[in-house]
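Undergrad: My questions all concern the structure below.
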Amino acid sequence: MCILVTGGAGFIGANLCQRLLEQNHEVIAVDNLITSDGGNLNKLRSFPNFTFIKHDITNPLPHALTAYRLPLTAIYHLACPTGVPNLTKLAEEMLLTCSIGTRNILELARTHKAKFLVVSSSETYGNPLIFPQTENYTGNVDPTGIRSPYEEGKRFTESLVSIYVRKYKLDAKIVRVFNTYGPGMDRSETRVVPRFLRQALSNKPITIHGKGTQTRTFCYVDDLVNGLLIIMKKGKSGEVYNLGSDQQVTIRQLAELIINVTKSKSKIIKIKRLKHDHESRLPDLTKVKKLGWKLHTPLEDGLRKTSKSLNPSSFYIPNHVDQ
Ligand SMILES: NC(=O)c1ccc[n+]([C@@H]2O[C@H](COP(=O)([O-])OP(=O)(O)OC[C@H]3O[C@@H](n4cnc5c(N)ncnc54)[C@H](O)[C@@H]3O)[C@@H](O)[C@H]2O)c1
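If you read the sequence shown in UniProt numbering, its first letter stands for residue 1, the second for the next number, and so on.
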């Protein structure tokens with residue numbers, strides 16, 4: 001099978017590529033490296049069945065891809081700028097990748113009659129008013145708010161994919177991913193797990209926003225990749241699936257756990273809470289569990305593995321942070 005992964009140099013994309021390569025698939029990753037430093041490609045390049053194409057999917061797709069020697073059997077579409085600082089810095093790129101970029105990839109899927117899976121986000125629920133969030137919850141999103149380029153971008157993506165299912169009978173699934181962590185997160189990654197780990201491993205203060213009572217759920221990337229493979233194989237076309245962990249922890253508990261796991265001397269300090277920070281999100285995972293998926297990795301084990309994958313010599317602790 002020849003499989004395309006957009007955003008294949010990114011955190012989840014590279015972990016997915018690696019799993020597919022280990023299963024002996026021919027894998028092509030497309031990425032413009034806008035939110036990735038390309039470091040994840042080093043390991044992938046050691047596989048003879050791996051091809052990397054540096055390309056911005058908002059531009060017409062290169063001949064190398066449209067006329068690729070093997071027909072594509074499946075496309076995992078993950079490309080999208082991520083990270084809270086990029087909500088302003090790359091706002092336009094987010095919207096264009098989610099719209100024009102997604103359309104280009106959907107057209108490619110149509111041409112190749114490839115099965116399609118798009119990675120959307122729990123951010124499509126915005127600041128949710130019901131708990132847990134089931135897939136039929138339509139969310140609470142501010143279309144002009146600071147988070148809107150990502151939230152509305154992902155909602156547009158979902159709408160477009162649904163149109164391709166209805167109009168062109170494309171076999172396509174939508175996966176709403178919740179917070180994920182693990183090896184392969186960028187060294188300048190602002191998301192809470194790598195940031196706390198970097199702070200803990202350098203014995204620097206761990207900075208929590210406000211009291212740290214806001215809750216999050218964290219899914220280890222291996223479990224997430226399992227879910228993507230299962231949904232691609234067994235999911236129903238046109239359906240939406242939540243994917244992540246449903247075990248809630250407060251940000252303070254996460255900081256304490258990370259201090260424990262890394263045996264750090266770091267102290268926890270409070271910093272000003274971000275205005276658009278949300279209180280919590282919690283997925284209802286009934287649908288994906290019915291396909292046979294379950295979460296295997298306890299948070300403590302996943303944090304230990306992630307901590308071991310980090311190279312302290314390349315640490316960079318950014319000013320902008322995300323919880
Ligand atoms: N990590 C999480 O917790 C999480 C949660 C919810 C949803 N997601 C979604 O999962 C997907 C992967 O996220 P990630 O955490 O691996 O982020 P990431 O930033 O590490 O990976 C995204 C990749 O997409 C690439 N990209 C962005 N715009 C592109 C474009 N126009 N053309 C080609 N490549 C482009 C980036 O360079 C990057 O390598 C994203 O769609 C993200 O929205 C992630």
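Even for Gly, the Cβ is constructed at its ideal location relative to N, Cα and C.
Counting along the chain, where does the beta strand (DSSP E) carrying Lys169 start and finish?
TA: Segment: none, Lys169 is in no beta strand (DSSP E) and carries neither H nor E.
Undergrad: Buried or exposed, going by whether 16 or more other CB atoms sit within 10 Å of the CB of Leu87?
TA: buried
Undergrad: Considering Cα atoms alone, identify which of Ser264, Ile258, Glu239 and Asn32 is closest to Asn136.
TA: For the residues Ser264, Ile258, Glu239 and Asn32, the minimum Cα distance to Asn136 belongs to Glu239.
Undergrad: What ranges does the beta strand (DSSP E) occupy inside the region 114–146, keeping only unbroken runs of at least 3 residues that lie completely in it?
TA: 115–121
Undergrad: Would Tyr76 and Leu16 qualify as a contact pair, given that the criterion is a beta-carbon distance under 8 Å?
TA: yes
Undergrad: Under 6 Å Cβ to Cβ from Thr262, same chain only, skipping five residues before and after it: list those, please.
TA: Ala200, Leu201 and Ser307
Undergrad: Can you tell me the Cβ-Cβ gap for Glu151 and Ser120, rounded? I've got them flagged as a contact below 8 Å.
TA: Here Glu151 is actually not in contact with Ser120; their C-beta atoms are around 10 Å apart, not less than 8 Å.
Undergrad: If we count the other Cβ atoms within 10 Å of its Cβ and call it buried at 16 or more, is Asn319 buried or exposed?
TA: Legend: pLDDT at Asn319 = 46, less than 50; position of this residue unreliable, no value from coordinates given.
Undergrad: Grouping DSSP H, G and I as helix and E and B as strand, with all else coil, what is Glu279?
TA: coil
Undergrad: Under 8 Å, with one C-beta from each stretch per pair, do the region 240–251 and the region 175–184 reach the 3-pair mark?
TA: yes
Undergrad: Nearest to residue 364 by alpha carbon, out of Asn203, Leu254 and Asp223?
TA: As displayed, the chain neither begins before 1 nor continues past 323, which places residue 364 out of reach and without an answer.
Undergrad: Determine the direct distance from the alpha carbon of Leu108 to that of Gly235, and round the result to whole angstroms.
TA: The straight-line gap from Cα to Cα measures roughly 21 Å.
Undergrad: Does the region 2–10 come within contact of the region 62–73, defined as at least 3 CB pairs closer than 8 Å?
TA: yes
Undergrad: With burial defined as no fewer than 16 other Cβ atoms inside 10 Å of the residue's Cβ, what is the status of Arg281: buried or exposed?
TA: buried
Undergrad: So what's His270 in DSSP terms, helix, strand or just coil?
TA: Residue identity differs from the one stated: residue 270 is Lys in this sequence, not His. In this structure, Lys270 counts as strand in the three-state DSSP scheme.
Undergrad: Is the region 48–68 touching the region 83–103, taking contact as three or more C-beta pairs under 8 Å?
TA: yes
Undergrad: What is the rounded straight-line gap between the Cα of Asn32 and the Cα of Gly7?
TA: 8 Å
Undergrad: Determine the DSSP secondary structure at Lys305, reduced to helix, strand or coil.
TA: Helix.
Undergrad: Which of helix, strand or coil does DSSP assign to Thr262?
TA: Secondary structure at Thr262: helix, using DSSP grouped into helix, strand and coil.
Undergrad: Thinking C-beta only, is Thr286 closer than 8 Å to Leu224?
TA: no
Undergrad: Pick helix, strand or coil for residue 327, following the three-state DSSP scheme.
TA: Missing from the structure shown is residue 327; the chain here goes from 1 to 323 and no further.
Undergrad: With distances taken Cα to Cα, identify the nearest neighbour of Ile231 among Lys305, Thr250 and Gly292.
TA: Gly292
Undergrad: Any heavy atom of ligand 1 closer than 7 Å to the beta-carbon of Gly13?
TA: yes
Undergrad: Taking 7 Å as the cut-off, is the beta-carbon of Ser121 closer than that to any non-hydrogen atom of ligand 3?
TA: The ligand content of the structure shown is limited to ligand 1, which means ligand 3 is not among them.
Undergrad: Cβ of Leu41 within 7 Å of any heavy atom in ligand 1?
TA: no
Undergrad: The alpha helix (DSSP H) that contains Thr250, what's its start and end?
TA: First-last for Thr250: Gln248 to Thr250, but that is the beta strand (DSSP E), not the alpha helix (DSSP H).
Undergrad: State yes or no: is the C-beta of Thr97 nearer than 7 Å to some heavy atom of ligand 1?
TA: yes
Undergrad: Quick one: is the Cβ of Glu93 within less than 7 Å of any heavy atom of ligand 1?
TA: yes
Undergrad: Considering only heavy atoms of ligand 1, does any lie closer than 7 Å to the CB of residue 374?
TA: Because residue 374 is not part of the residues shown, which for the chain are 1 to 323, the question remains open.
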